[in-house]
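These protein sequences, in sequence, are chains H and C.
Here the working numbering is used: the first sequence runs in plain steps of one and ends on residue 451.
Here the working numbering is used: the second sequence runs in plain steps of one and ends on residue 451.
Notes follow the structure.
Protein chains: 2
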Amino acid sequence: MNIRYAERTADLNGTATREIFKLLSRPEIISFAGGLPASDLLPEKEVAEITESLLSGKDAKRILQYGTSEGFADFRETLVGYVKQVGIDGIDTDNTLVISGGQQGIDLMCKALLDKGDTVLVEQPTYLAVLQILKSYEAKAVGVNANADGLDIDDLEKKIIAHKPKMLYVVPTFSNPTGKTYSRANREKIAEITAKYGVIVLEDDPYGKLRFSGESVNSLKSFAAEDNTVYITSFSKLVSPGLRVGVAVGGKEIIRKLTVCKQGTDLHTSNLSQLIVKRFVEEYLGETVKRSIPVYRKRRDAMTAALDRYMPFFDRTDPEGGLFVFGSLPVSLNAEKLLPKAIEHNVAYIQGSVFFADGGGENTVRLNYSNASAEQIEQGIRALGSLFASYLT
Amino acid sequence: MNIRYAERTADLNGTATREIFKLLSRPEIISFAGGLPASDLLPEKEVAEITESLLSGKDAKRILQYGTSEGFADFRETLVGYVKQVGIDGIDTDNTLVISGGQQGIDLMCKALLDKGDTVLVEQPTYLAVLQILKSYEAKAVGVNANADGLDIDDLEKKIIAHKPKMLYVVPTFSNPTGKTYSRANREKIAEITAKYGVIVLEDDPYGKLRFSGESVNSLKSFAAEDNTVYITSFSKLVSPGLRVGVAVGGKEIIRKLTVCKQGTDLHTSNLSQLIVKRFVEEYLGETVKRSIPVYRKRRDAMTAALDRYMPFFDRTDPEGGLFVFGSLPVSLNAEKLLPKAIEHNVAYIQGSVFFADGGGENTVRLNYSNASAEQIEQGIRALGSLFASYLT
């Protein structure tokens, strides 16, 4: 039978990232392609302890029975306290919605806000999955120029005026794919301009806790005077991506809309996952972050040192945290075309062009350093550098 | 700030069911309003045992790390075997997609298939959440007449010709809200007619394993000659709703589309939930169903006996399984208006009108018997009968 799919799916394919993951099962591959937390840092022991305690205690019944779409009230209390760490204050549980990972937060925001043909501004380049999700809502992504300080504020204002976007999507701290962090002044400007024009901001902060150097900056939301910013974060990089838990924080009205949208989407987030993360945040998160930082710092340092040594022609970002380094090869090199060659040499990366809303970036590359050892990083970048160099004229 | 939401959300409110749940926290209330499995049957001990074993063994790493949108390959193998029990044969794992509960299966089907203005046929009355989800895709629900045997086949064909629907949504076994089961002959006819006109069928089967009497019938999908039927089932009623796990089974092409849609929605289903359900299905499901059936049968019997005794004016269905009895009060009674009175008398139900796509059903009532004891059922229906009787002229 010839199935008539929705128009929104015509151009919808698996993201490059996940399709490539499948090619990377060969054990000899050194992969800088993913965005996975380090497998050796995953807190198996702690999760096992928490889970045993939860399922043998008074929580077992409520874990196994249906929950509410908002998430458990006591977990939301924990989350209200948790987001104070990024400067979000003066809220209560009605400002929070438990979500099944950060990805769901993006999807629900699009569901609540976007009609076919609406425009969403994104940093150029931006998180790949957002571009896919926007397609699934038949919305248009328009890239905003950016620099080391954050968004180019003039370009932001120009594009708000030109495109009347409903939403701006940003990852202001250790951005995916660039790894860079918007300055405090840049955040204040973004908050000011989006409020002025009535643009909703979706601030995605999956990596904020993973800072290895530099000064921490409060969330963009904490600088937003109006109720126009929704902040989402996930526990995928700190506790476990496999549990699928995050939180959206925003004005009560929009959180209520997101809750109704979530109800139709998956009814509620796994109760067991919610309470594992609750207990983890309360009892283990501090020490886990402390244990993880030196490991990730070492890997970032190995990555930047290897890049500077073996790929001096690579114009790269200088991340103070998070999972990624991003940069440009000389313009004669096409990162997408060279990827199969790299995989032949047992190294994988993601071509940067997939992160560009408006096209371009053919010579850019995203490199993930969180899930490989310092030795593998050195070895992989050496191989990559020699491959790229061989194509330089 | 005045937020411009998507048009789809204008008419989107929390479902009556979930809003009412919140009113029902008073312990003295006897609730026939929900659709919850019996809390006392939830398999806490088994889930605790499985979880301990999973997190202390070789599965711990893959549980905590990212998974694939399709779900774990070995769980999908288990599911291929599982759906043989409803007559679905000759498939492999590429015909399956792990979903975060049955609700997500409905949402993904709509996402993959429906453009704004498309029509979906539903049984009249049908599962409430489907009507909400269709609104969120700006699709139109049209009711198909039904009888004790299943859908009215002439009306189905008439409405296919008149509305050119993209999809037919049905719960053929122990339907929500009516509790009735479509006959084998009716299923064959539905399969034949939908194939003839190229209509996709979404068969939702959350209750099929909960049969107390009568002969079991294979899934509608098992009678479908063409690849036009997607079967979804969930483990919410047999293992735990709180874990949010189900499966969609269909043609490889449509399953691939659903997978891409799922990727943007929540990336993947909780890995821990997946492997708990996998192990449960393999080791405990048989005995759990065996243990549950007599309990639910007793409650259904208590419900039907009490209805016949205290509400002889209630024209009801005669369910052979599942969670619900449905019926009509004399037309002078409005079930929605009487609900607050019932709650004053410490009994709750759902007015049937919310299940009707085309309006009507003001005198109908859905009663859930799965989460109250036989004594509570007797007491609650006695109170309800006397309330309703007092409004009869």
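Ideal Cβ positions, reconstructed from N, Cα and C, are used throughout, including at glycine.
A straight line joining the alpha-carbon of SER444 of chain C with that of LEU391 of chain C spans about 13 Å.
In the three-state reduction of the DSSP assignment, LEU391 of chain H falls in the coil class. As the crow flies, the alpha-carbon of ALA106 of chain H is around 41 Å from that of VAL383 of chain C.
Annotation: the region 369 to 414 of chain H contains the following complete segments of the alpha helix (DSSP H) (minimum length 4 residues), in chain order: 393 to 402.
For PRO85 of chain C, the nearest beta carbon of chain H is not closer than 8 Å to its own beta carbon. Under the 8 Å criterion on CB atoms, LEU301 of chain H is classed as interfacial with respect to chain C. DSSP, reduced to helix, strand and coil, places VAL353 of chain C within a helical segment of the structure shown.
Within the region 113 to 188 of chain C, the complete beta strand (DSSP E) segments of 3 residues or longer fall at 154 to 157 and 177 to 181, listed in chain order. Nearest Cα to GLY272 of chain H within the set H:SER411, H:THR231 and H:GLN434: H:THR231.
Assignment of MET361 of chain H by DSSP, reduced to helix, strand and coil, places it in the helix class. Taking the Cα of LEU268 of chain C as reference, the smallest distance to any Cα among C:VAL200, C:VAL353 and C:GLU311 is reached at C:VAL353. Distance from GLN409 of chain C to GLU394 of chain C at the Cβ level is roughly 4 Å; contact confirmed, criterion being Cβ atoms closer than 8 Å.
Residue environment for ARG358 of chain C: buried (at least 16 other C-beta atoms within 10 angstroms of its C-beta).
In this structure, VAL405 of chain C keeps its C-beta atom at 8 Å or more from the C-beta atom of ALA447 of chain C.
At a Cβ-Cβ threshold of 8 Å, VAL335 of chain C and VAL303 of chain C count as neighbours. In this structure, SER158 of chain H places its C-beta atom within 8 Å of the C-beta atom of SER158 of chain C.
Note that the region 250 to 269 of chain H touches the region 372 to 381 of chain H; at least 3 beta-carbon pairs, one per stretch, sit closer than 8 Å. Contact residues of the region 337 to 362 of chain H toward chain C are absent (C-beta to C-beta distance below 7 Å). In this chain, the alpha helix (DSSP H) harbouring GLU341 of chain C covers 329 to 341. Going by DSSP, ASN426 of chain H is part of no alpha helix (DSSP H) but of the beta strand (DSSP E) stretching over 422 to 426.
Nearest neighbour of GLY145 of chain H by Cα position, chosen from H:ALA283, H:VAL156, H:GLY93 and H:VAL180, turns out to be H:ALA283. Scanning C:THR184, C:ASP165, C:LEU396 and C:SER89 for the CA closest to the CA of SER428 of chain C turns up C:SER89.
DSSP places TYR63 of chain C in the coil class of the three-state scheme, outside both helix and strand. Setting aside the 5 residues that flank it on each side, LYS174 of chain C is surrounded in the same chain by GLU196, each with a C-beta closer than 6 Å to its C-beta; the list follows chain order. Excluding its 5 nearest sequence neighbours in each direction, CYS319 of chain C has C-beta neighbours in its own chain below 6 Å: LEU166, LYS169 and ALA170, listed in chain order. At a cut-off of 8 Å between C-beta atoms, ILE191 of chain H counts as an interface residue with respect to chain C.
Between the alpha carbons of LEU214 of chain C and ASN203 of chain C lies a gap of roughly 8 Å.
In this structure, the straight-line span from the alpha carbon of ASN205 of chain C to that of ASP373 of chain C is close to 13 Å. Between ILE191 of chain C and GLY322 of chain H, the C-beta spacing is below 8 Å. With respect to chain H, the C-beta atom of VAL318 of chain C has a partner C-beta closer than 8 Å.
In terms of Cα proximity to THR239 of chain H, the closest of H:THR375, H:ASN421 and H:LEU450 is H:THR375. Burial state of LYS247 of chain H is buried, judged by a 10 Å Cβ sphere holding 16 or more other Cβ atoms. One thing to note: GLY160 of chain H has its Cβ within 8 Å of the Cβ of ILE290 of chain H.
Proximity of the region 91 to 110 of chain H to the region 340 to 356 of chain C falls short of the contact definition, fewer than three beta-carbon pairs being nearer than 8 Å. In chain order, SER158, ARG302, THR323, ASP324, LEU325, THR327 and SER328 make up the part of chain H whose C-beta sits under 9 Å from the C-beta of SER158 of chain C. Boundaries for GLU261 of chain C: no alpha helix (DSSP H) harbours it, while the beta strand (DSSP E) harbouring it runs 258 to 262, taken from the DSSP string.
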